[in-house]
Structure formats: structure tokens, C-alpha cells
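Trainee: Below is the structure I would like to discuss, written out as C-alpha cells.
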Amino acid sequence: MPSARIARGATIEADDDAFQINGDMPGLTVNVTNAGTIVSHGGQALDFGDVASSDAMISVHNLLGGVISADADDAIHVDGGTVSIVNDGTISSVLSESRGIDLGNYADTGSVTINNNAGATIESNDDAIRIDGDDDGSQDTSSGQIVINNAGLIVSRNDGQAIDFDHVYSPVSNVTINNLATGVIQANNADAVRPGEGGTVNNAGTIISYAPDNTAHDPDDDTSNDGVDFQAHAGTVNNYSGGLISGSRHGITSETDVIVTNYEGGTIIGRNGSGVGSDGNGTVTNYGTITGAIDDNSVNGDGDGVDIDGFATIKNYGTIQGIGAKGEKDGSINTSEGVATGGGVIQNLSSNAVISGATNGILVDDSNAGNAPNATQITNMGTIRGQAGFGIKLIGVQNDTITNSGLIEGDNGLAIDMGDGNDTLNIQAGSRIVGTIDGGAGTDTVTLNGSGTFAGAQNFEFLDVQSGNWILTGSQSYSGGVSLAGGTLSVDGTLDATLNVGAGSVLNGNGTLGSAVIAGTIAPGHSIGRLNFTGTYTQLAGSNYLVEANEAGQSDYVDVTGTATIAGGVTAKPFPLFRPDTRYTILTANGGVTGTYDTLTYDPHVFLDFALAYDPNNVYLDVTRNDVAFADVATTRNQARTATGIESLGSGNGVYDLVANATDAQQADQDFEALSGEIHASAKTALLEDSHFIRDAMASRLKSAFGAVQAPGTVKSAQSGDRFAMWGQAFGSWGSTDGNGNAADLDRNIGGFLVGGDAAIGDNWRIGLLTGYSRSTFDVDARASSGHSDDYHVGVYGGGQWGALGFSTGAAYTWHDMDTHRSVRSTDFNQSLNADYDADTAQIFGEVNYDVKVKQIDLQPFANLAYVNLHTDSFHEKGGSAALSGGSSSDNLTFTTLGVRASTDVSLGSNPASLHGSLGWRHALGDTTTSSSLAFAGGDAFSIDGVPVARDALAVDAGVDVNLSKQATFGVSYSGQIAGKSSTNGVKANIAVKF
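In terms of the working numbering, the sequence shown opens at residue 107 and continues consecutively.
Okay, here's the thing in C-alpha cells:
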């Protein structure tokens, strides 16, 4: 077993072969390990050319720093056996027509493995690595494997290929070239890689040809300067993420079949030609970028992204682009396509996928503007774009199919030219075609699936709408007819064709058609609209005419120039409301109407009746008001009164038409309640209920000033010492009144403050003044109504004390600045209504009381009488036809309260304090039900009740006051009124200073 080990620093140098095996010995094993230098000046550095036995084993390991070099021949020559070469140093051949590694004619080689590791170099001025042989492959009978693993540099620096296996013809051979991420395979003046028959190139690094472009020579010269060139062989290329395959002409090319997969992050570029090209058939799967370009220094070139002359199978998820062309070839001007092919299956399978050409996006022909040899199927989900031509151009008489759910666009209004076969264009949801679509000669069909807008195509004979919702615009003509087999077709342009609408399908829009046979549904417009037929119109048994009509007296309409033959049914729908007592014309036929509709379908209406009517040229829908009065279905007083007011408006009024369109009594009652304006009456209840805060404050202040039983929230002061006092009170409460079966629940809140001052008059009398502000809110949620009032108060009060007997009185006036808002929400009726108006409250009260001492508790029975007058100004709501006007009105109530107060003195730390409380029965005299007189514009007035003021209520107060000093007191208290359907809870905080 011959072997050699050259140590680091050692040199083997020869004028002929530096290391040679003479003769062939079966089973020979040769091992060479080099860490030094092996150099030949006239022959080969390592010559194993005489070793021809297939069972021979040759192993070469060129270590880091090692050099194997030949000045005049191959650096390493092998012609048989099983070969393993591992390079961590440099393998170099200098002379032209000499190789870095020459594997001979490959006939007797069992297998070859070459590992060029990171940092290592295999180089030559000709081929860096080559297999020699006859051009016809007659010497190539090997079935062995050839594997090249490159992580370093394999380079041809002058006239050869970096790897040249072009003479591998054996159909059972197995060539694999693995270029790793750090690997570079480079040719400076030719193809970078020629893999041979059936070869596979796996690239994650760089494969590049730097050969000069065809600038100064014959422009028809196809000098091969490609990244990967299979020549007359078939093969496979896998370009992985980060991989670059770049050719000075083509990126990858073959004269026959080729399979290319370009993964995401991979790049394939022909810098003056095609990214991927094949003169035969080809399969390309792309997730990255494939580019065909033009070099500005070139005389000519056609930069196609993918150019496959035969049958192409292309799946694209990334970008395939041709970005330029110039010059001529064979007398034809060069063009640049994203894909140029002789037919096949082209799939653009992602919304981000792009096929783009500087001329056409896709061109299908015979490579010379003649008829394509194969039929073509194109599926587009992304973008196909022709920058200066068609998006897709098909030349020939094949029966081609294009299915589009993405964007297809060309230049100057040219999108698709389908050639002269019997072609099919399938338009799907998401489709966008910018430019003209030309079906060419033949019998061509457009099919629509999904949903979208279709602006039409020229030279197509059939349109087949299969599913979804489609809108046809522009002017379209189909001599073979239009079939609507499923979904909805909206004709908003002109459709010159006979249309067959199948069962389960819907025809609508506002366009003009030829003739039609309806077995499904016709529904003109997109709401209310009109369809015109210039020919005849036939509606078959089982079909349906869906008619929408509105309160303005308009309806869907079918206008026929010829005759109309009708059967089937009519379905009447409001949009949003029918107008009572209206005849709608729904069909006119100048040539006459034959037949009648079998059925009329509509939703039941409480107040409307429906019927069809006919004359020789027209069909009518009659909507009439029946004998059921609006008030007949009301279930409460407010509903009935509102119904009567609405009835007075008459047909044509929006509010009247709303109620007249009620489909059941419950809906009508809900409409009455929404329209009633009940908030205006219930707001009065809120103001009357909360009027007591002002008179309570006046009465309480007088009790405190006279030193009687402590009133809640006041200052207890001596008669003789309290000549003048200033006081303030903040108050707030929240309350509710339940509905009574007529009016709905009322929620109310109030918050505010009062300030006042009073002085002693003589020994027994005091008089005072007050002013203040509060804000009241009130809500009737069941009526979608709310409001608020800004309240401004003034008052005068006075009283006297004679021993245990006390008397107090007072009068107050309040200005109310009121705002209301209510929403009327009903079927297809939506209005927001607002009003602002003024009101005022005047009130007076009087009270007598008597003080009783029981041990440590002071008691004070009392009787209180109050009169309250609420005046409300007239108002006019704004916001729509449901707006109400209200007249001015006054409400008067008298309140009596009988009860007892109690208090006792305590100490809180060092501060004197008083605990106090009261219980009383408050009774309201007079009509406790508030009401408002309201009217709709143009209608009669009607009265609406609010929730009533509580007739009887328990009045409760409890609190504590603390003397902060001899002159100042602070207190807090709770006050409430509790009735069967009403309650109020409040809090007061007060401070007073005497002088």
C-alpha cells in the first residue's frame, strides 16, 4: 500500500510529475497526506492516471498550509478507482488547459468524494475540477458517485469552469455538488458549474460566473457564461436560504430538462440573460428571488426571470422577474418576461408572490413569437405584471386556462391576451385585472366564482357565473349567452346577451340587459333600483320577483322593451317603509304582459293590506291602509293618546308611515312608547319632588336660630346672642319613581348648594334671605330619554318663637334651564331629538311647632303646609319628523307634613355636639299626575302623563352637628322620603357662622 506523508515545511519539487503511481494494480490503496509543498514544474503534482482498476482506492489529504501545485499540467490527476480528496490548503494549476483536479474520463472510477473545507482553495487557469471524456459520452459507463462538498473556494481564474462535469453522460451516474454557506464556486471567464447528466447542485453559498458580457462580438453569439450550465444534460438545482447563483449570462440553464427549487432567502440571477432557462422542459419551485437582467454594457440580451422553451411546471411563492432586454437575436427584438415558456402549468401561489417582466409578465409562445407547442394553465393568487406589455400573453391555438384571484396588469391598458384557442378565464374572489382582456379567436368562456367586480372582456362568447356575489360594470357582450348558476349577479352596466338565471340565483343591479329567462330571483337595484331589458323577459314558475318599496312612493322596477311573460311569485319588502295607500308600478312591458304572478308574499302588517294589479302593459303593487285604527292596538293611556296624535298626521308623514308599517301589535305599542315624549311629563315630577330641599333649608335654619329642637343640618344658637348669622348648605340626593303601568320608571338626581343670612328682629322674630344653585338630572331609560335642569334659587324666610311655641314661614322662586334628549329607535327608523326650554317653580310654606322636654331629649311636634306651583314654557324639539312641540302649562300641588323632631346634646371630645332626627308623614293634595300637551308637526295635540308624585311618603332625617367654636358649627345629615313606588335618599353638609 503506497503512502506518502509530507511534513509541514517540507517540499517535494520536480520538473516532471512530483508524485506518480506507475501501472495498475487491482486492489491498490494509495494514501497521500501533505502539510508541506508538492510542486511540479513540467508535469503533475500528483499523478494517479495509470490506476484504472475500479477497486483501487486513492486518498489525498492536503492539510492546512499544504500546497499541491503544478505549473504546466494538472495539480492532481486521477483516472480510476475510488477517490477521496480532502483539502484544507491549496490545490493549484497554473497553465491553461490544465486543471486543479482532473478526474480523467470517469469510465473506471467507482466513486469520487472531494471535500474542500472552509478556507481551502482549489484553483486553475482552466477548469478547477474536471472530468474528461468524449463529447458523445461513449467512454462514460460508470455508475459511481461523485460528491463535491465545498466550504472554501473553487475557482477558475481564466478560461475554464470552476467545476466541469459536462462529459458525465451515464444515465446511472450520480453527481452531487454541495456548496455550503461559506463556499464560493467561481469562474472568471466561463460557466461556474457544469454538473453533467443527472447532476444535483445544492447551494447555500455562492456560485458565480464573472465572465465578460457579449459586448464587442457578434450579438447573436451565445457565449456560455452561466452560473450553472447543464449543457445537453438534465439535472437538479436546490438553492437554499442565503444561496446565490449568478451568471454573467444565465443564472441556471440547460439544453434539456431541468428541475430548480429556490428556497426563501435564495437568489438566482442571470445578469444578462435568464435567471433559469431551459431549451427543453423545466420544473421551477420558487420561494426566493429569480431574476433575469440586462447589463447596460451588453450589445444584446433578454432578461427573462424563467425561460423554458418546452413544457414548464412553475410554482412561485416569491419573486420571478425579468428586468430588462436590449438588442436583437435572429432578427427579432429581444424582450424581457417574468416567465417565457412554450406552455405548461404556472402557479403564482401566494398573495405576496410576484411574476413581473419588463415587457410581459408571462409570455407563452414557441420562443420566436409563434404558436406555443403546449396548452397552458395559469393560476394567480399574487401579482402578474407586464411593465411594457401584457400581464399575460398567450400565442397559439391551444385551449388555455387562466384562474385569477390576484392582480394581473399590463401597460397601456393591456392585461391578458389569450390567443386563438378555446380558452377559459376563471375569475375568483379577490381578482383584479387592470387593462383589456382579449379572448381572441375560438370559443372562449369567462367563469366567475367568489365575489368581486368584473369590468368585462372582449372576444369571449360565454359568461358563466357559478357562485358568489358579482358586479358587472361597463359594456359587455357575449354572443353565446350568460348563465347564472349560483350566487348573485349585479348588472350595473350594459350586458348585451341572453341571460339565464338559474334556481337559487339572484339577479340585481341598475343596468341594461338583452333578454332574460328567470328561474331564480330578480331583485332590481342594490336597494331600490331598475333593470332594463331591450329584448324579452320571461319569469318561470317557481321564480321570484323581490320588490322593495319605500315611503317616498318609489319601488323596484323592471322595464321591458319587448314582451314580458310572467309566472312565479312576487315578494314585497319595505325599504325601509311602505307608503300607505300607494300604487307602485313594478313592471312595464312595451310589447305587452302575458300571464300573472302565482303568489304575493309579504310580512303581515297590522295596518296595511297588499295586492297585485294588472293592465295590458303593467304590473302594480297596491299597498292600502286597512280599517284598524292605531289606537285599537294600544294597551296604555299614553300609547292610545300617542296613537291618536299620530293617526292625525296622515300617510306620507314619516311618523305615520313608521307606525303604519308595524308588523304586529307589540311593535306598534313599542313605537307609540318611543314616540310619546313621556320624558317631558316625568321631568315635571322630578322638579316637584325635589322642590322640598329649598323650603326644608329655610325651616331648618329658623329652628336653629331660635334655639329650639335641633333641626337637621343647621346651627343651634342662643336667641339672645345670635343677632346675625351666615350659613351654607351643600346637598345631594338620588331618587327613583316606579312606573305605574302607563308611564315608565323615572330616575332622578339632584346636587347643589344654598347660602343665606338672617338677623333678629326684636326679641321674638328673625328674617332672612337665601340664594343657591343646583343641577337636576332625570332619566326614563325605558323610553331612551334623559334630561337635566340647571336650577337657580332665591328665597325669603322668617319666623317667631314664643316660649315653647314656634312659627316659621318662607317663599322661594327657582328658574329652571332645561334640556332633554330622547332617541327614537325602531325598525329602519332612527332619530335623536333634543329640546331646551325654561320652567320656574314658585313655592310658599308655613309651619307651627311646639317644644317638649323629656329628660335629656328635646321633642318638637310640628305641622307643615306648603304650596308649590311649577310653570313650564312651550318648546319645540329638533332632530327629525318625530320631533314634538309642547305647550306651556302649570302644575300645582299642596303638601302637608305632620311629624316630630328630636334631639339631644352630646360631646365629641372637647366639642359640644347635637344628635338629631325627625319622622314625618308627607301627604300631597291635588292631582299628583303630571302631564304634557304635545303634538307632532302638522298633527293634533295629545296629552301624555308622567309618573305621579308620591301621594303619601315617610320623611326621615338624621344627623349630627358639632360646634367647632362659639361662633361656628359644622354638621352632616341624611334625609330621605320613602313611598310605595318612590324613594329619595340624600345627604346634606352644612356650616354656619354667627356674629
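All C-beta atoms, glycine included, are put in the ideal place defined by N, C-alpha and C.
List, from N- to C-terminal side, the beta strand (DSSP E) runs of 3 residues or more that fit wholly inside the stretch 247–287.
Mentor: 251–256, 259–262 and 280–285, all fully within the stretch 247–287.
Trainee: For a minimum of 3 consecutive residues, which ranges assigned as the beta strand (DSSP E) are wholly contained in the stretch 395–474?
Mentor: Segments of the beta strand (DSSP E) lying fully in the stretch 395–474: 395–398, 407–409, 412–414, 418–422, 425–428, 430–432, 443–447, 450–454, 460–463 and 466–470.
Trainee: Give a yes or no on whether the C-beta atoms belonging to Ala-591 and Asp-570 are separated by under 8 angstroms.
Mentor: Counted from its first residue, the sequence shown places residue 591 at position 485. Counted from its first residue, the sequence shown places residue 570 at position 464. Yes, the Cβ-Cβ distance between Ala-591 and Asp-570 is below 8 angstroms.
Trainee: Report the option in Ala-298, Ile-501, Asn-168 and Asn-344 whose CA atom is closest to the CA atom of Asp-529.
Mentor: Sequence index remark: in the sequence shown, residue 529 carries index 423 (1-based). Cα-wise, what sits closest to Asp-529 is Ile-501.
Trainee: When the Cα atoms are used, what is the spatial distance from Leu-693 to Gln-645?
Mentor: Numbered from 1 along the sequence shown, position 587 holds the residue referred to as residue 693. Numbered from 1 along the sequence shown, position 539 holds the residue referred to as residue 645. If you take the alpha carbons of Leu-693 and Gln-645, they lie about 12 angstroms apart.
Trainee: Pull up the distance between the alpha-carbon of Leu-513 and that of Ile-420, whole angstroms please.
Mentor: As a first step, residue 513 must be located in the sequence shown, where it is residue number 407. As a first step, residue 420 must be located in the sequence shown, where it is residue number 314. If you take the alpha carbons of Leu-513 and Ile-420, they lie about 18 angstroms apart.
Trainee: Are Asp-156 and Ile-127 closer than 8 angstroms when you measure CB to CB?
Mentor: Against the sequence shown, residue 156 aligns to sequence position 50. Against the sequence shown, residue 127 aligns to sequence position 21. The answer is yes: Cβ separation under 8 angstroms.
Trainee: Name the DSSP beta bridge partners of Asp-770, please?
Mentor: In the sequence shown, residue 770 corresponds to position 664, counting from 1. In the DSSP output, where bridge partners are listed per residue, Asp-770 has none listed.
Trainee: According to DSSP, simplified to helix, strand and coil, what is Ala-789?
Mentor: On the sequence shown, residue 789 is found 683 positions in, with the first residue counted as 1. Ala-789: helix per DSSP, three-state reduction.
Trainee: Taking the CB atoms as reference points, tell me whether Ala-768 and Ala-749 lie closer together than 8 angstroms.
Mentor: Along the sequence shown, one-based indexing puts residue 768 at 662. Along the sequence shown, one-based indexing puts residue 749 at 643. No, they are not a contact pair.
Trainee: For the alpha helix (DSSP H) that Lys-752 lies in, which residues bound it at each end?
Mentor: The residue labelled residue 752 in the question sits at position 646 within the sequence shown. Residue 752 is actually Ile in this sequence, not Lys. Looking at the DSSP string, the run of the alpha helix (DSSP H) that includes Ile-752 is 743–753.
Trainee: Let me confirm a value: Gly-1000 is counted as buried when at least 16 other C-beta atoms fall within 10 Å, else exposed. Which label applies?
Mentor: Residue numbering aside, residue 1000 sits at position 894 when the sequence shown is read from its first letter. Checking the sequence shown, residue 1000 turns out to be Thr, not Gly. Thr-1000 is exposed by the Cβ-count criterion.
Trainee: Under DSSP, the beta strand (DSSP E) around Asp-517 begins and ends at which residues?
Mentor: By 1-based counting over the sequence shown, the position of residue 517 is 411. Counting along the chain, the beta strand (DSSP E) containing Asp-517 begins and ends at 513–523.
Trainee: Sort Val-405, Asp-385, Val-588 and Val-460 by Cα distance to Asn-378 and report the nearest one.
Mentor: Taking the first residue of the sequence shown as 1, we reach residue 378 at position 272. Minimum Cα distance to Asn-378 is reached at Val-405.
Trainee: Round the Cβ separation of Gly-409 and Gly-430 to the nearest angstrom and send it over; I've been treating them as touching at under 8 angstroms.
Mentor: Start at 1 with the first residue of the sequence shown, and residue 409 comes out as number 303. Start at 1 with the first residue of the sequence shown, and residue 430 comes out as number 324. 5 angstroms between Cβ atoms; contact.
Trainee: Given 8 angstroms as the limit, is there contact between the stretch 790–797 and the stretch 749–766, that is, 3 or more CB pairs closer than that?
Mentor: Cβ pair count under 8 angstroms is below three, so no.
Trainee: How should Lys-1072 be labelled, buried or exposed, when 16 other C-beta atoms within 10 angstroms of its C-beta is the threshold for buried?
Mentor: Here residue 1072 corresponds to residue number 966 of the sequence shown, with the count starting at 1. Exposed.
Trainee: DSSP state of Ala-988, grouped into three classes?
Mentor: Your numbering for residue 988 matches position 882 in the sequence shown. Ala-988 falls in the coil class under three-state DSSP.
Trainee: Give the DSSP bridge partners of Met-924, in chain order.
Mentor: On the sequence shown, residue 924 is found 818 positions in, with the first residue counted as 1. Answer by DSSP bridge pairing, in chain order: Ser-895 and Tyr-943.
Trainee: Would you check if the distance between the CB atom of Asp-1051 and the CB atom of Ser-1039 is smaller than 8 angstroms?
Mentor: Start at 1 with the first residue of the sequence shown, and residue 1051 comes out as number 945. Start at 1 with the first residue of the sequence shown, and residue 1039 comes out as number 933. No, the Cβ-Cβ distance between Asp-1051 and Ser-1039 is not below 8 angstroms.
Trainee: Measure how close the beta-carbons of Thr-926 and His-786 come, nearest whole angstrom, since I'm counting them as under 8 angstroms.
Mentor: By 1-based counting over the sequence shown, the position of residue 926 is 820. By 1-based counting over the sequence shown, the position of residue 786 is 680. About 7 angstroms separates the two Cβ atoms, so the contact holds.
Trainee: Could you compute how far the alpha carbon of Gly-353 sits from the alpha carbon of Asn-193?
Mentor: Here residue 353 refers to the residue found at position 247 when the sequence shown is read from its first residue. Here residue 193 refers to the residue found at position 87 when the sequence shown is read from its first residue. Whole-angstrom Cα-Cα distance: 26 angstroms.
Trainee: Checking the sheet assignment: what are the DSSP bridge partners for Asp-1058?
Mentor: Here residue 1058 corresponds to residue number 952 of the sequence shown, with the count starting at 1. Per DSSP, His-1029.
Trainee: Can the beta-carbon of Gln-534 be found less than 8 angstroms from the beta-carbon of Gly-519?
Mentor: The residue given as residue 534 occupies position 428 in the sequence shown. The residue given as residue 519 occupies position 413 in the sequence shown. Not in contact: Gln-534 and Gly-519 (Cβ atoms no closer than 8 angstroms).
Trainee: May I ask you to report which of helix, strand or coil DSSP gives Glu-1120?
Mentor: Look at the range of the chain in this structure, 107 to 1101, and you will see that residue 1120 is not part of it.
Trainee: Using DSSP bridges, identify the partner residues of Glu-119.
Mentor: The residue you call residue 119 lines up with position 13 of the sequence shown. For Glu-119, which the question treats as bridged, DSSP gives the partners Val-145.
Trainee: I'd like to know whether the C-beta atoms of Val-1006 and Gly-838 end up nearer to each other than 8 angstroms.
Mentor: Stepping through the sequence shown from its first residue, residue 1006 is reached at position 900. Stepping through the sequence shown from its first residue, residue 838 is reached at position 732. No, the Cβ-Cβ distance between Val-1006 and Gly-838 is not below 8 angstroms.
Trainee: Taking DSSP as the reference, what is the three-state secondary structure of Ala-655?
Mentor: On the sequence shown, position 549 is the one that residue 655 refers to. Note: Ala-655 maps to strand in three-state DSSP.
Trainee: If you drop the 5 nearest sequence neighbours on each side, which residues of the same chain put their C-beta closer than 6 angstroms to that of Phe-1076?
Mentor: Taking the sequence shown and counting its residues from 1, one reaches residue 1076 at position 970. Cβ neighbours of Phe-1076 beyond the five flanking positions: Val-1068, Leu-1070 and Ile-1097.
Trainee: Could you spell out the range, first to last residue, of the alpha helix (DSSP H) harbouring Phe-799?
Mentor: Walking along the sequence shown from the start, residue 799 turns up at place 693. Taken as a continuous stretch (DSSP letters only), the alpha helix (DSSP H) holding Phe-799 covers 798–811.
Trainee: Pairs of beta-carbons, one from the stretch 1012–1023 and one from the stretch 984–1004, closer than 8 angstroms: are there three or more?
Mentor: No, the stretch 1012–1023 is not in contact with the stretch 984–1004.
Trainee: Is Gln-962 helix, strand or coil when you go by DSSP?
Mentor: Walking along the sequence shown from the start, residue 962 turns up at place 856. Gln-962: coil per DSSP, three-state reduction.
Trainee: When the Cα atoms are used, what is the spatial distance from Ala-969 to Ser-757?
Mentor: Taking the sequence shown and counting its residues from 1, the one referred to as residue 969 is at position 863. Taking the sequence shown and counting its residues from 1, the one referred to as residue 757 is at position 651. Going from the Cα of Ala-969 to the Cα of Ser-757 covers about 58 angstroms.
Trainee: Going by beta carbon distance, what residues of the same chain come within less than 7 angstroms of Thr-741, once the five residues before and after it are set aside?
Mentor: One-based indexing of the sequence shown puts residue 741 at position 635. Cβ within range, chain order: Asp-775.
Trainee: Can you tell me where the beta strand (DSSP E) with Lys-1100 in it begins and where it stops?
Mentor: Along the sequence shown, read from residue 1 onward, the residue named residue 1100 stands at position 994. That run of the beta strand (DSSP E) goes 1088–1100.
Trainee: Going by the beta-carbon positions, is the gap between Gly-424 and Glu-361 smaller than 8 angstroms?
Mentor: Taking the first residue of the sequence shown as position 1, residue 424 is located at position 318. Taking the first residue of the sequence shown as position 1, residue 361 is located at position 255. Taking 8 angstroms as the Cβ cut-off, Gly-424 and Glu-361 do not qualify as a contacting pair.
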